[in-house]
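Numbers 1 to 463, taken from the UniProt record's numbering, label the letters of the sequence shown in order. Data first, discussion second: the structure below is written as structure tokens.
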Amino acid sequence: MSGRRGPNVVLIVSDDHGYADRGRLGRSPDAVTPALDRLAAEGVGCTDAYVTAPICSPSRAGLIAGRYQQRWGARWFDSSAFAPDGASLAERFAELGYATGYFGKVHYGQEGPGDRACPPRHGFAESYYGLAGRQMGRLNYLRHSRAAVDEYGPEASWRMAVQPMFDGDEEVELEGFLTAELGDRARDFVARHADEPFFCMVAFNAVHNFCWQLPPAELARRGLPTRPDWDEAGEPYADWYDGVISPNLPDGRAYYAAQLELMDAEIGRLLDELDARGLADDTIVVYLTDNGGSTCNYGDNAPLAGTKYTLWEGGIRVPLLVRWPGGGITGGHDRAGLVSSLDLYPTLLAAAGADPAGYADSDGVDQAALLRGERAGGHDALHWDCGWQWAIRRGDWKLRYVEPGAPQVEGIRTVEHADPGAGLGLYHLGDDIGETTNLADRHPGLVAELTAAHQAWLDSLTA
């Protein structure tokens, strides 16, 4: 660090958080999020922030690598994987002498114990995590033990995601509320490393389904009924699943709001820990979610159209909050300009004093000046490509294509009760953030131009 201590970094990634579901926005009265509201009031929010995929695994793979995950073929669930080369964000921080800790969900692909995708294998000296890639992309909120595996059975144990957790490389059990456990471990990490620079990544599984998995005391306090997980001795999983997503789950929104509030409380305790140790001024705190909110899990993305799984704005535009009082990122302002989750890699490393050569191959850009309000701008264009659907946003224009008849389209419609659309759509987001008016027929030249630009981007990934 050349004798200068860099800022601490706390990177918080939630799961399927709805775009409208923050109290400060006033759109969802049942979204109780005082900690996120505090973070927005004391930091800045990015109005046009995006992740690189509308589902978790490729989005997370791009974020930790700082590169478009399409470079190594990670486009959808079946192809997503941790980057096969290059240094992770954690490895770069470790090179700078930072203490590194990871607490939460791991889902980059179909990783297993000991794989490169496991936090101890890509730069995190301390870690407590669950492998979601072989558990339907989820982690159970309450149970992670061999007893639970035996109780649930061979199929339900992975569908309900009750496999044990990991502490480093060691399998460990948890019978308790995972959100609180992650918060406790993150605060303990901060406390133990208060006298040295640290990079702490907290990847909550909240608010992913199944949100009825709440501590009994919380259910009682909120007057919510206990709901059983899937029993493989009963009805087929697909039939059961159809009854526990929107609009079919009784109290579905209340369960979701409860998990959101409890996650927010853990974020608040983490902010309080920074305050108590005198670290808040020189700690960069970042909050975002891994993809757009899941409306089938009762998330609210208003005023955006669509949901997780889709390239409507509701699938890829996310809340992004950043606070760094000592670095001039403060004041409660909203910052416009195209920002990507890929930008966290160079922005955070530059703030830590890293040699620019260490992030020269990132597809992100250092957005510190934008966050401070010193300049406008952001990316000229951002791209998404899932194989069967793609999109480009340049300025206020967005072109989106969904392959008609793709099997994923019908699957999302029937299983997740969501419409990914079909064919070409051109939208002017400055006038139509809800993507209600398709302007493709009125601007064929622009459609051709943006289509060519997207193809050129695809070609550049393998050049």
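The beta carbon of each residue, even a glycine, is placed where N, CA and C say it ideally should be.
| query | Would a C-beta distance cut-off of 9 Å place Ala406 and Thr310 closer than the cut-off? | reply | No, the pair does not count as a contact, with Cβ atoms beyond the cut-off.
| Supposed close pair Arg335, Cys46 - CB separation, criterion 8 Å | 5 Å
| task | Find out if the Cβ-Cβ distance for the pair Trp76, Trp388 is shorter than 9 Å. | result | Yes.
| query | Just how far apart, CA to CA, sit Asp242 and Gly97? | reply | Taking the straight line from one Cα to the other gives about 49 Å.
| query | What first and last residue would you give for the alpha helix (DSSP H) that runs through Trp457? | reply | Pro444 to Leu461
| task | Could you tell me which residues DSSP pairs with Ile392 in its beta bridges? | result | His383 and Leu399
| query | Tell me which same chain residues have a C-beta within less than 8 Å of the C-beta of His333, skipping the five on either side of it? | reply | Closer than 8 Å at the Cβ level, and outside the excluded window around His333, lie Val44, Gly45 and Gly373.
| query | Buried or exposed: which applies to Asp264, given that a residue is buried once 16 or more other Cβ atoms fall within 10 Å of its Cβ? | reply | buried
| message | Check for me: the alpha helix (DSSP H) holding Ala254 runs from which residue to which? | response | Gly252 to Ala276
| query | If we ignore side chains and look at the alpha-carbon of each, how far apart do Asp366 and Ser460 end up? | reply | 21 Å
| How many angstroms separate the CA atom of Gly3 from the CA atom of Ala35? | Because the pLDDT at Gly3 is just 46, under 50, the model does not fix this residue reliably, and the point stays unresolved.
| task | Inspect the CB distances between the segment 86-94 and the segment 115-133 and report whether three or more fall short of 8 Å. | result | Touching, yes, given that three or more Cβ pairs across the two stretches are closer than 8 Å.
| Sub-9 Å separation of Arg345 and Gly101 beta-carbons | This sequence places Tyr at residue 345; Arg is not what is there. No, they are not a contact pair.
| said: Using C-beta distances below 8 Å, list every residue in its chain close to Pro155, excluding the 5 sequence neighbours before and after it, in chain order. | reply: The identity of residue 155 in the sequence shown is Glu, whereas the question assumes Pro. If we look at Glu155 and ignore the five residues flanking it on each side, its Cβ neighbours are Glu232 and Tyr237.
| Supposed close pair Thr179, Glu266 - CB separation, criterion 8 Å | 6 Å
| request: Kindly identify the DSSP beta-bridge partner or partners of Met201. | output: Leu11 and Tyr102
| Residues near Ile64 in its chain [Cβ-Cβ closer than 6 Å; skip 5 each side] | Ser88 and Leu89
| query | For Asp343, which of Leu288, Asp167, Leu279 and Gln455 has the nearest alpha-carbon? | reply | Leu288
| request: Take the Cβ of Thr436 as the centre, count every other Cβ of all protein chains shown within 10 Å, and call the residue buried at 16 or more, exposed below. | output: exposed
| request: Would you give the residue range spanned by the alpha helix (DSSP H) that Leu349 belongs to? | output: Leu344 to Ala351
| request: Take the Cβ of Pro119 as the centre, count every other Cβ of all protein chains shown within 10 Å, and call the residue buried at 16 or more, exposed below. | output: buried
| message | If I follow the unbroken beta strand (DSSP E) through Ile316, where does it start and stop? | response | Per DSSP, Ile316 belongs to no beta strand (DSSP E); it is in the alpha helix (DSSP H), Glu313 to Ile316.
| According to DSSP, residues forming a beta bridge with Glu170 | Asp167
| query | Going by other Cβ atoms of all chains shown within 10 Å of its Cβ, with 16 needed for buried, is Gln455 buried or exposed? | reply | Here Gln455 is exposed. Its C-beta has fewer than 16 other C-beta atoms within 10 Å.
| request: Could you tell me whether the Cβ atoms of Val318 and Asn297 are closer together than 9 Å? | output: Contact check for Val318 against Asn297 fails: the beta carbons are separated by 9 Å or more.
| task | Compute the Euclidean distance between the alpha carbons of Tyr108 and Ala117, then round it to the nearest angstrom. | result | 7 Å
| task | Just confirm the distance between the C-beta atoms of Ile316 and Val51, as a whole number of angstroms; I'd bet it's less than 8 Å. | result | 6 Å
| task | Between the Cα of Ala351 and those of Arg134, Gly114, Asp282 and Val202, spot the shortest distance and give me the residue it belongs to. | result | Among Arg134, Gly114, Asp282 and Val202, the Cα nearest to that of Ala351 belongs to Asp282.
| Residue span of the alpha helix (DSSP H) that contains Gly149, given as start and end | Here the sequence assigns Val to residue 149, which means Gly is not the residue at that position. Note, Val149: alpha helix (DSSP H), Arg146 to Tyr152.
| Cβ-Cβ distance between Glu181 and Ala147 below 9 Å | no
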